[in-house]
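*Asks:* For the sequence shown, the working numbering assigns the number 2 to the initial residue and increments by one for each residue that follows.
Beta carbons are placed, not taken as given, at the ideal position from N, Cα and C, and that holds for glycine.
Model, not experiment: these values are computed from the prediction.
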Amino acid sequence: GTCGRPLPCVEIRLAPKPGLPDAEVLVRSPTQMSGYYGMDDSPIDQDGWLNTGDLGRMDESGLLWITGRSKDMIIRGGENIAPVAIERALEALPGVVEAVVFGVPHPDLGEEVMAVVVVKQALDELQLQQQLRGTLASFAIPSRWRIQQEPLATNMTGKIDKAAIVAQARAELVARDGIHG
């Protein structure tokens, strides 16, 4: 689960972000890009640090662990919730094959937690919620669910296509419940 140690010519700095569970990973290297083509705003600061948007931590051995993305953070009633932590908790449950977690609009809380879960056997949202109690904070347990036995959509590289799954789930919420956002 670790990315390993930085290459000899790469510097890594962890920049704490208020309200986020882990720090943002910043990288500096003589071989890194100078910016994005056609974009005036650079993700690189004046000292040469690239803001990756990844959240992570370094262990005592100097190994980098990526724990999530800052832009994926769900903000529910003022609480910052890391989707990757919920995904890991779900995938550790018996009968769960894979999971994607993201925020969906909520009229009072700003966002609520939604999970799309692939299961091997018949499991319902109440069973999953009960199994997550004690593992996750109550505000991090998903309140919206889509449970299926079909594998999650993947992109051309074989990775889970989270953007497509989120778009489909949000469209279903609009059609079914009139929830926009």
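What's the C-alpha gap between G179 and T158?
*Replies:* If you take the alpha carbons of G179 and T158, they lie about 34 Å apart.
*Asks:* Report the start-end ranges of each beta strand (DSSP E) in the region 60-103 that is 3 residues or longer and not cut off at the edges.
*Replies:* DSSP runs (the beta strand (DSSP E)) wholly in the region 60-103: 65-70, 75-77 and 80-82.
*Asks:* How would you label L127, buried or exposed, when you count the other beta carbons within 10 angstroms and need 16 or more for buried?
*Replies:* Exposed, since its Cβ has fewer than 16 Cβ neighbours within 10 Å.
*Asks:* Helix, strand or coil, according to DSSP, for E151 in the structure here?
*Replies:* In this structure, E151 counts as coil in the three-state DSSP scheme.
*Asks:* Determine which residues share a DSSP beta bridge with W146 and list them.
*Replies:* Note: W146 sits in a beta bridge opposite A116.
*Asks:* In chain order, what residues of the same chain have a beta carbon less than 7 Å from the beta carbon of P84, not counting five sequence neighbours either side?
*Replies:* Only G69, D73, I75, V102 and F103 meet the Cβ criterion.
*Asks:* With a threshold of 7 Å on Cβ separation, who are the neighbours of E3 within its own chain once the five nearest residues in sequence on each side are excluded?
*Replies:* Here residue 3 is Thr; the residue named in the question, Glu, does not match the sequence. Excluding sequence neighbours, T3 sits near L64, L65 and W66.
*Asks:* Could you check which residue in G5, R147, R145 and A176 has the C-alpha nearest to that of M59?
*Replies:* For the residues G5, R147, R145 and A176, the minimum Cα distance to M59 belongs to G5.
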